[in-house]
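Scroll down for the structure; my scribbles are underneath it.
Residue numbers (the working numbering): 3 to 534.
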């Protein structure tokens, strides 16, 4: 939503030039460098901060839902309660046209309005609730909401009185958003049983033009913004992508500007009057921005992963966004640089490894260092249909029973900004055939000398070539005295050599063959070791 703010000229005082230069140089030398991007001002509360209305770089208002509360900052940094509106119950929205004129809408349909910057408030009852307010200037604005069907109300006196306007959409379930441009022009997003619809007036609401929206059938549209009578934007999404649509010809045609492959709807849009600078916020703490009217959108790192619900900028640099978990974020540089780096997927195994029937699986995780955060990992096994798992970690298990041989798993990760990793392929080799062990002989050794136990382990295709063994040495009826495993090496004749520190006596020796896939021989060899 567009906001207007007052501009006050400063008063010049005659000060010696030398002193001014010294003071300025001192400030430059001592001022710390400001970090770019979004900064957290509030966080950690079990509440939703649903709406923010910014008037200037220091003056802004917000609404939180539990407990219902209006808050204000007068310095752009610290927030305090502004509970003198006289409203009770849930609060729906806040909108300030200037530093003096603003309104707060309660769920009851009551509107508290002020003309002195919140020092005092008056209350008026309206026929609308659960809505939004958008001011074009200090006098003219629109309210959209429900009660119980969609409602559009108009004010020409800064919110002191509201007149209901007719827009001839009897099936309208709700007016989801309004975007006032000037005293005559306003756009509105309407939800109907047949799908979304846009309304537009250029005569202060005397009549409204109904505009069809060619959104995908599964799309849900949440928000609308406009810069003038010709240009408007819609935000929303589907279960698998975020969506921003735009028109530059009064709604005659619409183009899709953003369809990012990441979840969560675009909850709020804010467009400056220049029609070039705009911001959109969504789930997972993602902020999108554009400086060219939406020809390109880039994701910014917000530093949070909560759902962002509202965004409002006063100029190309300064703005706020709010969301769940009590989050309030502020920026003084437009939100900082864009995240254009794709995430990185890490498999849980070494590529081209061998597995057996019991562990024919592969784990995946993805990270997005310094970015907005990894979202999903898409994969396909052996050229089959594509599936996905969350980037935090999941396991792909081959069909049971898995077939012997090489299985190709193609995969890539996508972050919350829609940046996609290049496809990569992992080879997972399966061998379900156990090796065959044999040739174990009796062994005799003097205590303190090296003993060599000889045997054979032969492997069967497909991973024939390397083998090892698991070895247990124990007195009969006793706990093992030695447990060891030989490394994988060329299949065939094998040896296990160790310095014998066992007490004198006769020990049982058990040898089980092991291949590269972890298969164990069905036969366990048995023999004896005599220590003298």
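Backbone N, C-alpha and C fix where the C-beta goes; we use that ideal spot for every residue, glycine too.
Residue of the options minimising C-alpha distance to residue i
i	options	result
residue 373	388, 339, 398	339
residue 301	315, 53, 314, 285	285
residue 347	354, 440, 380	380
residue 384	441, 430, 129	430
residue 63	324, 192, 414, 400	324
residue 432	458, 454, 320, 403	403
residue 117	104, 168, 256	104
residue 427	353, 191, 107, 342	353
residue 221	204, 258, 342, 186	258
residue 369	48, 481, 393, 468	393
residue 46	66, 60, 389	66
residue 412	424, 401, 521, 405	424
residue 326	68, 61, 60	68
residue 231	238, 240, 252	252
residue 123	130, 152, 162, 131	162
residue 386	376, 466, 410, 289	410
residue 275	318, 375, 345	318
residue 465	483, 408, 479, 482	408
residue 242	378, 382, 100, 468	378
residue 467	516, 479, 504	516
residue 391	472, 400, 462, 365	365
residue 100	472, 160, 150, 85	160
Short Cβ contact (8 Å threshold) for residue i with residue j
i	j	result
residue 329	residue 303	no
residue 270	residue 418	no
residue 219	residue 235	no
residue 511	residue 530	yes
residue 189	residue 200	yes
residue 227	residue 273	yes
residue 216	residue 281	no
residue 146	residue 179	yes
residue 299	residue 518	no
residue 246	residue 223	no
residue 363	residue 397	yes
residue 138	residue 184	yes
residue 493	residue 434	no
residue 38	residue 335	yes
residue 107	residue 78	no
residue 54	residue 98	no
residue 523	residue 437	yes
residue 131	residue 113	no
residue 204	residue 225	no
residue 83	residue 73	yes
residue 279	residue 293	yes
residue 310	residue 289	yes
residue 192	residue 152	yes
residue 266	residue 238	no
residue 415	residue 439	no
residue 59	residue 316	yes
residue 405	residue 337	no
Beta-carbon contacts of residue i that lie in its chain and below 6 Å, excluding the five residues immediately before and after
i	result
residue 165	156
residue 532	446, 508
residue 367	348, 395
residue 526	512, 514
residue 485	474
residue 277	229, 233, 295
residue 482	474, 476
Inter-residue CB distance, residue i and residue j (contact presumed, cutoff 8 Å)
i	j	result
residue 125	residue 88	5 Å
residue 40	residue 333	5 Å
residue 441	residue 457	5 Å
residue 421	residue 344	4 Å
residue 143	residue 182	5 Å
Nonlocal neighbours in the same chain, by C-beta distance under 8 Å from residue i, ignoring five residues either side
i	result
residue 499	452, 453, 454, 455
residue 102	8, 116, 117, 118, 119, 140
residue 534	446, 447, 448, 449, 506
residue 44	51, 81, 328, 329, 330
residue 28	Note that residue 28 scores 33 on pLDDT, short of 50, meaning its location in the model is unreliable and no value can be drawn from it.
Close Cβ partners of residue i (< 7 Å) along its chain, the five nearest in sequence each way excluded
i	result
residue 91	70, 108, 109, 110
residue 169	154, 201, 210
residue 250	232, 233
residue 361	520
residue 314	3, 5, 54, 55, 56, 272, 321, 322
residue 30	With a pLDDT of 32 at residue 30, under the threshold of 50, the modelled position of that residue is not reliable, and the figure given next carries that caveat. If we look at residue 30 and ignore the five residues flanking it on each side, it has no Cβ neighbours.
- Item | Ordered list of beta strand (DSSP E) runs contained in the region 70-96, each at least 3 residues | Counting only runs of 3 or more, we get 70-75.
- Within the region 477-532, note down every full beta strand (DSSP E) run reaching 3 residues or more, in order along the chain. Runs found: 482-487, 494-501, 507-517.
- What are the uninterrupted segments assigned as beta strand (DSSP E) that are 3 or more residues long and contained completely in the region 207-262, given in chain order? Listed in chain order, the complete beta strand (DSSP E) runs (minimum 3 residues) inside the region 207-262 are 211-214, 222-228, 234-239, 244-249, 257-262.
- Can you list the beta strand (DSSP E) stretches of 3 or more residues lying completely in the region 329-394, in chain order? Listed in chain order, the complete beta strand (DSSP E) runs (minimum 3 residues) inside the region 329-394 are 330-333, 346-349, 355-357, 363-369, 376-383, 389-392.
- Inside the region 387-436 only - beta strand (DSSP E) runs reaching at least 3 residues: Segments of the beta strand (DSSP E) lying fully in the region 387-436: 389-392, 396-399, 407-417, 426-432.
- In chain order, each beta strand (DSSP E) run of at least 3 residues that lies wholly inside the region 153-195: Listed in chain order, they are 165-167, 174-182, 188-194.
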